[in-house]
Amino acid sequence: MNDAYPTDDSPDDGAGQAALFPLLSGEGNQRLVVEWIQAHDRYTLVDPDQPVETATFDCCILDGEMLQTHAETLRARKRKAKPALLPCLLLIPEADLSLIETDSGEIADSVVFKTADEVVSMPIKKAELEWRTQALVRLRTQSLRLKERTETLELFKQAVEASGHAIWISDTDGTINYVNPAFESITGYSRDEAVGESPNLLNSGEMDDDFYSDLWETITAGDTWHEEITNQRSDGSQYVADQTIAPIVADGEPRAFVAVQTDITERKELEGRLSLYRDIIERLEDPIMIQACEGEFRLVNDALCSFAGLSRDELLGDGEYAFMDEETATTIARQKQRVIETEQPVEYSVEPTFKHSDREAIFYTSRYPYYEDGELAGTLAICRNVTDLEERTRQLHVLDNILRHNIRNELNVIHGRGEQLQRNLEGEPKAAAGTIVDRAETLLTTSEKSREITAVLSDPREPTSVDIGQVVRGLAEETADDWPNADVDVTGPTELVVSATGSIAAAIEELLTNAVIHNDSENPHVRVNLAVEGSWGTLSVRDNGPGISEFDRDVLESGEAIETLSHGSGLGLWLVYWTINHSGGKIRVDEREPRGTEITIWLPLATAV
Numbered sequence: 000m001n002d003a004y005p006t007d008d009s010p011d012d013g014a015g016q017a018a019l020f021p022l023l024s025g026e027g028n029q030r031l032v033v034e035w036i037q038a039h040d041r042y043t044l045v046d047p048d049q050p051v052e053t054a055t056f057d058c059c060i061l062d063g064e065m066l067q068t069h070a071e072t073l074r075a076r077k078r079k080a081k082p083a084l085l086p087c088l089l090l091i092p093e094a095d096l097s098l099i100e101t102d103s104g105e106i107a108d109s110v111v112f113k114t115a116d117e118v119v120s121m122p123i124k125k126a127e128l129e130w131r132t133q134a135l136v137r138l139r140t141q142s143l144r145l146k147e148r149t150e151t152l153e154l155f156k157q158a159v160e161a162s163g164h165a166i167w168i169s170d171t172d173g174t175i176n177y178v179n180p181a182f183e184s185i186t187g188y189s190r191d192e193a194v195g196e197s198p199n200l201l202n203s204g205e206m207d208d209d210f211y212s213d214l215w216e217t218i219t220a221g222d223t224w225h226e227e228i229t230n231q232r233s234d235g236s237q238y239v240a241d242q243t244i245a246p247i248v249a250d251g252e253p254r255a256f257v258a259v260q261t262d263i264t265e266r267k268e269l270e271g272r273l274s275l276y277r278d279i280i281e282r283l284e285d286p287i288m289i290q291a292c293e294g295e296f297r298l299v300n301d302a303l304c305s306f307a308g309l310s311r312d313e314l315l316g317d318g319e320y321a322f323m324d325e326e327t328a329t330t331i332a333r334q335k336q337r338v339i340e341t342e343q344p345v346e347y348s349v350e351p352t353f354k355h356s357d358r359e360a361i362f363y364t365s366r367y368p369y370y371e372d373g374e375l376a377g378t379l380a381i382c383r384n385v386t387d388l389e390e391r392t393r394q395l396h397v398l399d400n401i402l403r404h405n406i407r408n409e410l411n412v413i414h415g416r417g418e419q420l421q422r423n424l425e426g427e428p429k430a431a432a433g434t435i436v437d438r439a440e441t442l443l444t445t446s447e448k449s450r451e452i453t454a455v456l457s458d459p460r461e462p463t464s465v466d467i468g469q470v471v472r473g474l475a476e477e478t479a480d481d482w483p484n485a486d487v488d489v490t491g492p493t494e495l496v497v498s499a500t501g502s503i504a505a506a507i508e509e510l511l512t513n514a515v516i517h518n519d520s521e522n523p524h525v526r527v528n529l530a531v532e533g534s535w536g537t538l539s540v541r542d543n544g545p546g547i548s549e550f551d552r553d554v555l556e557s558g559e560a561i562e563t564l565s566h567g568s569g570l571g572l573w574l575v576y577w578t579i580n581h582s583g584g585k586i587r588v589d590e591r592e593p594r595g596t597e598i599t600i601w602l603p604l605a606t607a608v
C-alpha cells in the first residue's frame, strides 16, 4: 500500500477529541497504537482495560484475535447505537488479507462486514492508520449530527401532531378561515367542512342565547373570553371544552379572533368519578388520611374519625397526638419525616392506644409522598386494620416455636448418639457416624437461622439507631478468633450510627462468616470498609474467595430464589436481604478482579430525634 493518504487537520473534520479504544491482543501492537493515540491532540485514549460492554468510545481499533473474542458484543453495541455509526477499524496481517477473499465469503460476510468498517494491514502504516481513522471518526461525527437533527425534527413533528388543543381562527364576522388537526380530531369536522362556516357549526343547543351574547360582546370589545362550553361533534355526540377566545387586535380594533379549545370531557367525567371514589373511601373501614408536611390533617375519612373518637372538624388541622398515645404518635411522626426527606413510600406497623374511643387495633400502614402542583405537600397514609391477622400470625409463631423446639431436641439426641458411635467405632462405620454428626450440626445451624428469619418476618421491628462501627469491629474480632488462619481487617470511622433493625448484627455476622468459610484460599482475607455517602452509611465486605454463585447473588440483591433455598448459606443470606430491606437500606454484589466478591450495604444515617 501507498503511505501517502489525504489528511485534514481542520477543526471541522469531526475528529476533535475523538475517543479511541485500542483492543489488541499483541503487546507490541497495543503499545504502538496507544503511543500513536497519545501523540495526537485530536484523540482521547480510552483505557484498554475497560470492559468492551461498557467502554465509551468513538472508534474501536482491534485485531483479528480480539474481533473473534468480542464480535458479538461489538455488533450488539453497533446495533444499539443506530442510526449513529459506532465504527471499528480492523488491523490484520497483510499476509492474511487474501483469507477474506478466498474463504467462501464466510469471514467477510459474517465477521468483517458486520463488525469492522475499515481494514488496515499490518505491519501498521501510520499514514494509512491516520487517514482511515480520521475517515471513520468523521463519519461517526456526521452520523451523530444527523441523528441529533433527525431527533430534533421528529420532536417538533410530534409536538405539532400530538397537540391536544383544537384551534380555529375566524374573521370579525365569525367566518372560520383556519382549523388545526386537533380541531378535526376533536370535532370530527375536516378542514374543508369547517373553513367558510361559522362556529355555530358546533352549537349543541345546550348553551342559552345569553351565553353567546356575552361571548360576542366580550370579544368584539377587544377582551378575552374564557368559559366552559358544551359543543357537538359532526356525529352528533357532545363534548365539554375549556375554551378561550381572544381578539387579534391591530390599530386598536379586532381584526380576527383566535379560539383555543381543550376537550375536558374526560376531566369532567373523572370529577364525577372522584366524587364516587370519595364516597367509597368514606365507607371503607380502614383509616385513610392526608397530612401536611408539618403533620396536621388535611383529609380524613370516617374510619379514622371512628377510631380517633373525634369528628372530622376536630381532627382537621391537628395530628395524631390529639387522639393516641404519645409513643405511637412519635413513631408515626418519624415515619412521616422519612417520607418527606426521601420522597419514597414507607411501610410500618403500629398498635396505638386511642384516648377517646377506647378502641384497640393493630395497623399495617403504607405511607406515600403527597404532591400538589408538582410540589411535595405532605403524606398520604392508608392504614390496614390487621388485628385479626396479627393474632393468627402470633398463633402460627407459637406453633413454629414448638415445632422448632422439638426438632432441635431430636437433632441434639441424634448428634449426641452420633458422637458416641464415632468414638466407639472404627473404619467405615466411624466415617458414617461422622457424617451423621456433620448433618445434625448443619440442620441445627439451619434451624437457628430459620428462627432468626422467622423473627424478622413475623415480628419486624422499627429501625433504631445502631453504631455499626462498633458492631463490625466486635464481630471482626470474633471471626478472627474463630478462624485463626483468616485475616480480617476493618477500615473507616470507628463510629458510624445508622438506622437499622435489631437483626443487623446477625446479618453482618453472616456476611463475615460466609466470606471465611466459603473461601478456598489458604489464608482467607476479608476487608470491611465503613464510609459515609451523603445520607447513607455504607459497609462493604471484600474477600479473596472464589466468587459468589448466581443463586446467592439473587438472594442478596432481590430476595429471589426463595422457593429454591437448598443450603445454609442461601438461608443466611436471605436473612441478610430481609434485614437490610426492613432497615430501609439497599445491597449490591460485585465481582472483584482477579477473584473475590465485594458486598456493599447502604443504610440510612440515623437522624437526631
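Numbering (numbering that gives the first Met the number 0) for the sequence shown: 0 to 608.
Built from N, CA and C at the ideal position, the CB exists for glycine as well.
What is the DSSP secondary structure of residue i, reduced to helix, strand or coil?
i	result
Pro523	coil
Arg541	strand
Pro428	helix
Arg260	The sequence shown places Gln at residue 260, rather than the Arg named in the question. Strand at Gln260.
Thr171	coil
Lys77	helix
Arg591	coil
Ala376	strand
Asn230	strand
Cys292	coil
Arg41	coil
His225	strand
Arg297	strand
Tyr188	coil
Phe353	strand
Met65	helix
Gln343	coil
Lys124	coil
Ala506	helix
Arg137	helix
Pro92	strand
Leu495	coil
Gln237	strand
Thr364	strand
Rounded to the nearest angstrom, how far is the Cβ of residue i from that of residue j, given a contact under 8 angstroms?
i	j	result
Cys382	Pro492	Contact flag wrong, Cβ pair sits at about 38 angstroms.
Pro246	Ile218	5 angstroms
Val299	Thr327	Their Cβ separation, rounded to whole angstroms, is 17 angstroms, which puts Val299 and Thr327 out of contact at 8 angstroms.
Quick one: what's got a C-beta closer than 7 angstroms to residue i's C-beta in the same chain, skipping five residues either side?
i	result
Phe353	Phe306, Ala307, Gly308, Phe322 and Met323
Leu44	Leu19, Val33, Ile36 and Gln37
Thr596	Asp542, Gly544, Gly546, Ile547, Val588 and Glu590
Going by C-alpha distance, which of the options is nearest residue i?
i	options	result
Pro593	Gly571, Arg587, Asn543 and Asp551	Asn543
Gly25	Met121, Arg526 and Gln16	Met121
Leu315	Gln336, Glu293, Glu326 and Thr327	Glu293
Val525	Ser365, Ile263, His225 and Val487	Val487
Glu265	Ile361, Tyr238 and Ser203	Tyr238
Pro545	Arg282, Val527 and Ile516	Ile516
Glu521	Asn484, Gly571 and Thr140	Asn484
Asn280	Ala302, Lys267 and Glu270	Note on identity: in this sequence residue 280 is Ile, with Asn being the wrong assignment. Nearest C-alpha to Ile280: Ala302.
Arg552	Asp519, Val588 and Pro47	Val588
Ala504	Thr606, Ala432 and Ile467	Ile467
Val540	Arg438, Val471 and Arg297	Val471
Trp601	Leu529, Phe550, Glu549 and Glu494	Leu529
Glu117	Lys585, Leu152, Asp62 and Thr171	Asp62
Gly163	Ala240, Asn202, Lys125 and Gly204	Ala240
Spatial neighbours of residue i within its chain, please: CB distance less than 6 angstroms, with the 5 preceding and 5 following residues excluded, ordered by chain position.
i	result
Asp40	none
Val51	His69 and Thr72
Cys59	Phe20, Leu22 and Cys87
Gly187	Arg232, Ser233 and Asp234
Excluding the 5 residues flanking residue i on each side, which residues of the same chain have their C-beta closer than 8 angstroms to its C-beta?
i	result
Leu604	Val496, Val497, Ser498, Val531, Ser534, Trp535 and Gly536
Ser310	Cys304
Thr223	Thr217, Thr243, Ile244, Ala245 and Pro246
Val119	Leu88, Leu89, Leu90, Ile91, Glu127, Leu128 and Arg131
Pro5	With a pLDDT of 37 at Pro5, under the threshold of 50, the modelled position of this residue cannot be trusted, and the question is left open.
Cβ-heavy atom distance between residue i and the ligand GTP below 8 angstroms?
i	result
Ser305	This structure lacks the ligand GTP; in fact it carries no ligand of any kind.
Inter-stretch contact (C-beta, 8 angstroms, three-pair minimum) for the region 337-348 and the region 317-326: no
Three or more C-beta pairs below 8 angstroms linking the region 39-58 and the region 172-183: The region 39-58 and the region 172-183 do not touch, with fewer than 3 CB-CB distances between them shorter than 8 angstroms.
Cβ contact (3+ pairs, closer than 8 angstroms) linking the region 366-380 and the region 406-416: The region 366-380 is not in contact with the region 406-416.
The region 409-424 contacting the region 325-339, beta-carbon criterion three pairs below 8 angstroms: no
Touching by the beta-carbon criterion (3+ pairs, under 8 angstroms), the region 221-241 and the region 131-149: no
At least 3 beta-carbon pairs within less than 8 angstroms: the region 498-518 vs the region 474-481: yes
Contact between the region 164-171 and the region 253-272 (3+ Cβ pairs under 8 angstroms): yes
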